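Take a look at the structure set out below.
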Amino acid sequence: MDFDFNLILVPATLIFFMIWLLDKLIWKQRATRGRDGENFLVGWAYDFWPVLALVLVIRSFVVEPFNIPSESMVPTLQTGDFILVNKYRYGVRLPISNTKFLNTGEPQRGEVAVFRYPLQPTVNYIKRVVGLPGDHIVYDRGTLSINGKLVAKKAMADVGNPEYELFYQEMLGTHSHLIREEIDGNSAAIAPFINSQANEGGKYAATNGQHWEVKVPQGHYFMMGDNRDRSADSRFWGFVPEENLSGRAFYVWMHKEPGFHIPSFARNGRIN
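Per the UniProt record's numbering, the sequence shown starts with residue 1, numbered consecutively.
Now the structure itself:
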């Protein structure tokens, strides 16, 4: 999810609003010439800015649609799912800057959240909230526990495809300078980020590819994909700051396979 539609929507709305306002206060073309005699930009402003403003308000403060581009959230979300995201669940924020001006809630463990990728904030990521501020997370030989409580891992068939496998290998390569241990074939068994942060202030501990543990700092969250062995997540690039949160994913409204396929509504339903 690597494009923010608000980068187009916000400027377009402001431009048309300014033209509309100038005509109302100064030019008065609509009042004196009517629809047939006014400049075409003035006509567009009257026709489009209220619609654009409504869309902007809904997308920025109520609900925003996203498309799932990868398999990191399988089986919860599939590649090609179109989802809706609650934009006010984690605070009401300004479009583009993502600055929060009204606090309406905080992420809860287990929720599926959309956020701005910490290493490239223009890109949106979707993962499950695994660790809250202050949580102690331990990975030990294939098992994950939070504050001493084991998190079950559901076995499933191999759902990988060549394109995503290539992306995952590139992700590993991008962060190869952080890896201190040999990867033993299980992508969840070694965390480049965890290893890179080992022994900093006693907050982190990493022994080998079979064990690591971390404490989530205040104001940050630890995110992981449901498809744990094929997810580039907090284990690779770190915690998600609170200011990067965009909203909670709550509904799949359409699914479309890549290429020339007819959209399907068979997967419609709430996201758990």
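Note that CB positions come from ideal geometry on N, CA and C, so glycine has one too.
Quantities reported herein were computed from a predicted structural model and do not represent experimental measurements.
Inset, instruction - Determine contact between the region 226–233 and the region 70–84, defined as no fewer than three beta-carbon pairs at a distance below 8 Å. - result: yes
Legend entry - Distance between residue 35 and residue 27 (C-alpha atoms, nearest Å): 14 Å
Inset, instruction - Mind the definition here: the region 236–251 touches the region 113–124 only if three or more C-beta pairs lie below 8 Å; say whether that holds. - result: yes
Inset, instruction - Check the DSSP bridge columns for residue 143 and list the partner residues they point to. - result: 140
Inset, instruction - Flag residue 77 as yes when its Cβ comes closer than 7 Å to any non-hydrogen atom of the ligand HEM, and as no otherwise. - result: Among the components modelled here there is no ligand, and therefore nothing to report on the ligand HEM.
Legend entry - Separation of residue 151 from residue 142, as counted between CA atoms: 11 Å
Legend entry - Neighbourhood of residue 277 by C-beta, 7 Å cutoff - its chain only, sequence neighbours within 5 removed: This structure cannot speak to residue 277, because the chain is shown only from 1 to 272.
Inset, instruction - Out of 216, 272, 10, 30, state which residue places its alpha-carbon closest to the alpha-carbon of residue 249. - result: 272
Inset, instruction - Just the C-alpha distance for residue 100 and residue 32, rounded to the nearest angstrom, thanks. - result: 43 Å
Inset, instruction - Whole angstroms is fine: what's the gap from residue 66's alpha carbon to residue 256's? - result: 13 Å
Inset, instruction - Go through its chain and collect everything with a Cβ distance to residue 130's Cβ below 6 Å, but skip five positions before and after it. - result: 222, 224
Legend entry - Distance, residue 15 Cα to residue 9 Cα: 10 Å
Legend entry - Same chain, Cβ closer than 6 Å to residue 263, neighbours up to 5 away in sequence not counted: 254, 256
Inset, instruction - Enumerate in chain order the residues of its own chain whose CB-to-CB distance from residue 96 is below 8 Å, with the five nearest sequence positions on each side excluded. - result: 4, 6, 7, 10
Inset, instruction - Quick one: give me the first and last residue of the alpha helix (DSSP H) that residue 54 is part of. - result: 40–61
Inset, instruction - On a CA-only basis, which of 246, 252, 111 is nearest residue 98? Give me that one, please. - result: 246
Inset, instruction - Could you check the C-alpha separation between residue 207 and residue 214 for me, to the nearest Å? - result: Because residue 207 sits at a pLDDT of 46, beneath the cut-off of 50, its placement in the model cannot be relied upon, and the following sentence gives the value as read from the coordinates. In a straight line, the C-alpha of residue 207 is about 12 Å away from that of residue 214.
Legend entry - Residues of its chain near residue 80, where Cβ-Cβ distance is below 7 Å and the 5 sequence neighbours each way are ignored: 68, 255, 256, 257, 258
Inset, instruction - Please name the residue or residues paired with residue 269 in a DSSP beta bridge. - result: 252
Inset, instruction - Kindly provide the ranges of any beta strand (DSSP E) runs that are 3 or more residues long and lie completely inside the region 74–154, ordered along the chain. - result: 81–86, 100–102, 112–116, 124–131, 136–140, 143–146, 149–151
Legend entry - From 260, 137, 270, 233, residue whose alpha carbon lies closest to that of residue 124: 233
Inset, instruction - Determine the closest residue to residue 85 out of 30, 243, 59, with distance taken between C-alpha atoms. - result: 59
Inset, instruction - Determine the closest residue to residue 268 out of 45, 92, 122, 82, with distance taken between C-alpha atoms. - result: 82
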